[in-house]
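Written below as structure tokens is the structure these notes are about.
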Amino acid sequence: MTSARIGAIEVVRVEEMLTPGFDPAFLFPDWDPAILDRHPQLREPTFRDPDSGRLMSSMQSWLVRAGDEVIIVDTGCGNGKTRSAPAFRRFHDLSTPYLDRLAAAGVRPEDVTLVVNTHLHVDHVGWNTQRVDGRWVPTFPNARYVWGRVETNHWLDPAGGLSAQPEAAEVIEDSVRPVLDADLVDFVSDGDQLRPGLVFRAAPGHTVGQLQLWIESEGEAGVFTADCLHQPIQIYEPGWNSRFCELPEAAVATRAALLEAAAETDAVIFPSHFGAPHAGRVGRRPGGYTFLPLQATGRPS
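Okay, structure coming up:
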């Protein structure tokens, strides 16, 4: 289980699933297989499945313990949800032991005090809700759910996100609206503080209103990168966007700023979808950056 301490704040990965995901040529329109020759570490089976050639992709939450707060950052795909779009096929009608894994980390749903959704995509909001007696209800009944005001407006505006991605309507209906209807949501913006040492930063590009969550504690730093980074490849090629990025130019600018800030502050990055070991640091190399994966101890290897 990947874990790290950022000063007094503990971060633990809670897995939903880890599987081969997209073919790199599908995920990255700028894909060039020569990158594997330039950076052979990206051939490792933790990054790329040797049988299919697909990129390993993790669906997960980050569990954060900060003082008395028990925080879940992003909630994966969820169980039993109808996902009709071809791109969502591997998220359809799942039955994973996510809640058992959360329990193994010492947390019951009722223990969670805050749930952060960095953005409102299918693989980041699924466990916001679960089906009870035929209805989708909030999974974490005692938590406040926290997500971006800009992101909310984008997806609830009929002329916004759903006009370009109508396949996301079922995601909004089963994983976002039930939480809104229960009046459990607090909306945040760039610069807002979740709790002492936890600050949101705007990260537009992948979605209009995506947010990063930065940690600062006892002189150490970390960042939940949301989908500014889908794969370690993007640390080596920051100009490569995924095909799912809504604002390509903004996504590149956001990623460049993130990598520079992470390298400058020696921050631990906690991405949403990296294969094992799922987190690390950003190091410098001539002309760019490199990925320094965490060891089991939470230190870079």
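Under full-length UniProt numbering, read the sequence shown as residues 1 to 301, first letter to last. Yeah, the Cβ is synthetic: ideal placement off N, Cα and C, and Gly gets one too.
Alanine 202 carries a strand assignment under DSSP once its states are collapsed to helix, strand and coil. When DSSP assignments are scanned along the stretch 170 to 252, the uninterrupted stretches of alpha helix (DSSP H) that are 4 or more residues long and fall wholly within it turn out to be 177 to 181, 233 to 236. Between alanine 105 and valine 11, the gap from beta carbon to beta carbon reaches 7 angstroms or more. Asparagine 128 carries a helical assignment under DSSP once its states are collapsed to helix, strand and coil. Taking 3 residues as the shortest admissible run, the stretch 57 to 114 contains the following complete beta strand (DSSP E) segments, listed from N- to C-terminal end: 69 to 73. With contacts defined by Cβ atoms closer than 7 angstroms, phenylalanine 224 and valine 73 form a contacting pair. Residue nearest to phenylalanine 88 within the set Ile35, Gly209, Pro166 is Pro166 (criterion: CA-CA distance).
Judged by DSSP secondary structure, arginine 149 falls outside any beta strand (DSSP E) and instead within the alpha helix (DSSP H) spanning 149 to 156. Per the coordinates, the alpha-carbon of leucine 42 lies some 31 angstroms from the alpha-carbon of leucine 198. Contact between leucine 55 and asparagine 79 fails: their C-beta atoms lie close to 24 angstroms from each other, not under 8 angstroms.
Between the stretch 263 to 282 and the stretch 35 to 49 there are three or more inter-stretch CB-CB distances shorter than 8 angstroms, so the stretches are counted as touching. Minimum Cα-Cα distance from glutamate 260 among the listed residues Tyr145, Ser242, Phe291, Glu249 corresponds to Phe291. Three or more Cβ pairs drawn from the stretch 133 to 147 and the stretch 174 to 190 lie within less than 8 angstroms of each other, which places the two stretches in contact. The straight-line gap separating the alpha-carbon atoms of tryptophan 147 and alanine 251 is approximately 19 angstroms. With three or more CB-CB distances shorter than 8 angstroms, the stretch 148 to 165 counts as touching the stretch 204 to 212.
By the Cβ-count criterion, glutamate 16 is buried, with 16 or more other Cβ atoms from all chains shown falling within 10 Å of its own Cβ. Taken atom to atom, the span from the alpha-carbon of aspartate 192 to that of aspartate 183 is near 20 angstroms. Straight across, the Cα-Cα distance linking leucine 120 with alanine 85 is about 16 angstroms. Counting the other CB atoms within 10 Å of its CB gives valine 132 a total below 16, which places it among the exposed residues. DSSP places arginine 38 in the uninterrupted alpha helix (DSSP H) bounded by 35 to 38. Nearest Cα to valine 185 within the set Pro141, Ala159, Asp157: Pro141. For phenylalanine 26, the enclosing alpha helix (DSSP H) covers residues 24 to 27.
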